[in-house]
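Taking it in order: structure first as structure tokens, then the write-up.
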Amino acid sequence: MVDALIVFSDYSSIVLQSESDQFEKLCALPPPDVLSDEVQAQTVEEIDRIRRMAADGPRVPNR
17 MVDALIVFSD YSSIVLQSES DQFEKLCALP PPDVLSDEVQ AQTVEEIDRI RRMAADGPRV
77 PNR
């Protein structure tokens with residue numbers, strides 16, 4: 017059994033749970049560079065930045 021979090025370019029996400037052979041088939045669909053370590057690291061960095069911005073609170077005072 018494989019659990020996976022998939023994050024899309026608009027930062028929406030889905031969580032999948034599937035058998036490993038089915039997961040391998042799913043991973044074969046997108047171009048290989050989409051699953052590269054570099055893209056994964058960039059995505060993690062961008063999500064962390066969004067979390068930090070959310071934790072900082074609103075940028076413009078509420079009126």
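Using the numbering used here, the letters of the sequence shown correspond one by one to residues 17 to 79. Glycine included, each C-beta is placed from N, C-alpha and C at the ideal position.
Distance between beta carbons of residue j and residue i, contact taken as under 8 Å
i, j, result
"D19", "Q38", "The Cβ separation is near 13 Å, so there is no contact."
"M17", "E40", "That belief does not hold up - the Cβ atoms of M17 and E40 are roughly 13 Å apart, past 8 Å."
Whether residue i touches residue j by CB criterion (8 Å)
i, j, result
"L21", "S29", "yes"
"T59", "V31", "no"
"V55", "D49", "yes"
For residue i, the residue or residues it bridges with in DSSP
i, result
"Q33", "D19"
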